[in-house]
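Numbering (the working numbering), first residue to last: 3 to 177.
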């Protein structure tokens, strides 16, 4: 048969919920790949594309959702089409690396609507933030309250996005 071997997704805690172990076979990977490209595909079309019956396909999709492999379905919006949005990439270095400090910073970031993504990273910075603001005034307010005024932040560097060269939300999956 060939292809990639089954993937075992280990148990992990999400909030207070323990996610069950799940093994992903070739059909599961194909379902995920197709749904990442178009989450609006009907169950009938999806079942046909992966060569299983519609009830089997529906059960597999439900199983992937229950296991936390598929977390949500969203509409991906181009900020440029909305007009007047500025995207920024911000590297943040904290004053320390203990868990309490990191938790406090993450809590602050979760409360900020302009932060679209936040990554804990390795290297000379601790976090990388992706922001989308309507104006530099909005960014200045964010920087003043969440970064400059924060006793947690040692320094930050901001990069303004000129143009988006590549943007992909799909996770590469081998068949």
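Glycine included, each C-beta is placed from N, C-alpha and C at the ideal position.
- Secondary structure at residue 116: coil, using DSSP grouped into helix, strand and coil.
- Nearest to residue 157 by alpha-carbon distance, out of 128, 174 and 47, is 128.
- Around the C-beta of residue 63, 16 or more other C-beta atoms lie within 10 Å, and the residue is accordingly described as buried.
- In this structure, residue 52 sits away from residue 72, with a CB-CB distance that is not shorter than 7 Å.
- Annotation for residue 63: the continuous alpha helix (DSSP H) segment containing it runs 56 to 68.
- In the displayed model, residue 89 falls within a strand according to three-state DSSP.
- If you look at residue 52, you'll find it in the alpha helix (DSSP H) that goes 45 to 52.
- Taking C-beta atoms under 8 Å as the contact rule, residue 94 and residue 155 qualify, at a distance of about 6 Å.
- Per the coordinates, the alpha-carbon of residue 99 lies some 42 Å from the alpha-carbon of residue 42.
- If you compare the alpha carbons of 166, 167, 149 and 170 with that of residue 160, the shortest gap goes to 149.
- Its Cα nearest to that of residue 116, the residue 140 stands out among 79, 27, 140 and 46.
- At the C-beta level, residue 45 and residue 59 come within 7 Å of one another.
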